[in-house]
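Student: I'd like to ask you about the structure that follows.
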Amino acid sequence: MTGNEKQRLEASGFARSNGKVLRAVNILRIRYNKLTGIKSVLKDDGVTAEEFLESVGFLAEDGYIHLRQIAAKESAALSDSDYAALEAKLTGKGIRLLAGGVEDNMIEINSSDKSALRAGNFIQNNGRVLRTLNILAYKYSRLESMRDILKNDGIAGDEFLDSVNFLAEEGYIHLRQTATKEEAILADSDYATLEAKLTAKGNRLLRGGVKDDMIEV
């Protein structure tokens with residue numbers, strides 16, 4: 001085997017591991033997933049401990065996943081932490097990759113990964129959630145009320161939360177606790193306790209100032 005052939009083989013294995021890690025992190029969708037649990041799942045799928053940590057480091061550095069301390073809920077870097085103390089969640093960029101909105105030759109994503117989100121009308125749902133939020137314009141809307149409205153429009157509960165999570169991750173909407181008015185994230189909250197409002201970025205998108213292939217408006 002030549003040096004170039006070995007490099008190509010190593011790159012292919014790295015891209016494959018990156019894709020496996022990204023899909024495993026996404027198992028809990030809107031929630032954070034402990035790295036120890038992900039490592040155990042991927043060990044059975046042939047990903048070694050070293051490959052797993054290399055992929056986690058790469059995906060975090062490139063903005064596809066967010067790492068934080070399990071106990072403190074604070075952002076963390078793999079280089080400064082024991083991986084067993086960390087949990088991970090897909091960022092908006094990571095969701096976008098799995099949905100086929102971007103491509104990266106360092107992450108192996110197959111057609112079934114892309115179709116899984118598209119099959120649930122992910123792109124259309126993102127637009128419908130954004131437009132529903134716009135009904136109250138500058139006011140906050142309770143997620144529970146929005147879910148009831150969109151359920152009657154054919155959007156299932158999980159699909160609704162997937163869209164809310166993506167839109168918040170990408171900065172199109174702002175989430176906060178209804179009772180305390182404190183900023184919140186969906187991963188750590190019961191959606192029924194939250195309310196949402198369009199950000200300036202969300203308003204800009206609805207009015208044609210920017211475009212996003214992951215949101216049908």
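Numbering follows UniProt numbering, in which position 11 of the sequence shown is assigned residue number 11; successive positions increment by one, without gaps.
Glycine included, C-beta positions come from ideal geometry on N, C-alpha and C.
Return the residue from the list Asn33, Val129, Ala76 and Leu67 that minimises the CA-CA distance to Val217.
Tutor: Checking every option, the nearest Cα to that of Val217 belongs to Val129.
Student: Quick check: the Cα distance between Glu50 and Leu136, rounded to an integer number of angstroms?
Tutor: Cα-Cα distance, rounded: 50 Å.
Student: Skipping 5 residues on each side, what residues in its chain have a beta carbon closer than 8 Å to that of Ala71?
Tutor: Ala85, listed in sequence order.
Student: Where does residue 218 land, buried or exposed, given buried means 16+ other C-beta within 10 angstroms?
Tutor: The structure shown does not extend to residue 218, since the chain is modelled only from 1 through 217, so no value can be given for it.
Student: How many angstroms separate the CA atom of Gly157 from the CA atom of Gly171?
Tutor: If I take the Cα positions, the gap works out to 21 Å.
Student: Pairs of beta-carbons, one from the stretch 91–107 and one from the stretch 164–183, closer than 8 Å: are there three or more?
Tutor: Judged by Cβ distances under 8 Å, the stretch 91–107 makes contact with the stretch 164–183, as three or more pairs qualify.
Student: What residue ranges within the stretch 107–171 form continuous alpha helix (DSSP H) runs of no fewer than 4 residues, ordered along the chain?
Tutor: Segments of the alpha helix (DSSP H) lying fully in the stretch 107–171: 111–118, 122–133, 143–151 and 157–169.
Student: If you draw a straight line from the alpha carbon of Val56 to that of Arg29, how long is it in whole angstroms?
Tutor: Rounded to the nearest angstrom, the two C-alpha atoms are 17 Å apart.
Student: Just the Cα atoms here: how many angstroms apart are Glu103 and Gly37?
Tutor: Their backbone Cα atoms lie some 27 Å apart in a straight line.
Student: Excluding five sequence neighbours on each side, which residues of the same chain lie with their C-beta closer than 6 Å to the C-beta of Phe52?
Tutor: Same-chain partners within the cutoff: Lys39 and Leu42.
Student: Please list, in chain order, all residues of the same chain as Leu133 whose beta carbon is under 8 Å from its beta carbon, the five residues on each side excluded.
Tutor: Excluding sequence neighbours, Leu133 sits near Ser141, Met146, Ile173, Ala196, Lys197, Leu198 and Gly202.
Student: One question on the structure: do Ala88 and Tyr138 come within less than 8 Å of each other, judged by their Cβ atoms?
Tutor: Taking 8 Å as the Cβ cut-off, Ala88 and Tyr138 do not qualify as a contacting pair.
Student: Which residue comes first and which comes last in the alpha helix (DSSP H) that contains residue 230?
Tutor: Any answer about residue 230 is impossible in this case: the structure gives the chain only from 1 up to 217.
Student: Which residue marks the beginning of the alpha helix (DSSP H) containing Arg207, and which one marks its end?
Tutor: That residue, Arg207, is in no alpha helix (DSSP H); it is neither H nor E in DSSP.
Student: Counting along the chain, where does the alpha helix (DSSP H) carrying Lys43 start and finish?
Tutor: Unbroken alpha helix (DSSP H) run through Lys43: Leu35 to Lys43.
Student: Give me whichever residues DSSP pairs with Lys73 in a beta bridge.
Tutor: The partner list for Lys73 (beta bridge, DSSP) is empty, contrary to what the question assumes.
Student: Near Ala15, what residues of its chain come up, given a Cβ to Cβ distance below 8 Å and the 5 sequence neighbours on each side ignored?
Tutor: If we look at Ala15 and ignore the five residues flanking it on each side, its Cβ neighbours are Asn105, Met106, Ile107 and Glu108.
Student: CB-CB under 6 Å to Asn125, same chain, minus the five flanking residues each way: which ones, in chain order?
Tutor: For Asn125, where only same-chain residues beyond five positions count, the Cβ hits under 6 Å are Ile155, Glu159 and Ser163.
Student: What are the partner residues of Lys197, as DSSP defines its beta bridges?
Tutor: Answer is His174.
Student: Leaving out five residues before and five after Tyr83 in sequence, what residues of the same chain have Cβ atoms less than 8 Å from its Cβ?
Tutor: Once the five neighbours on either side are set aside, the close Cβ partners of Tyr83 are Leu35, Thr36, Lys39, Leu53 and Val56.
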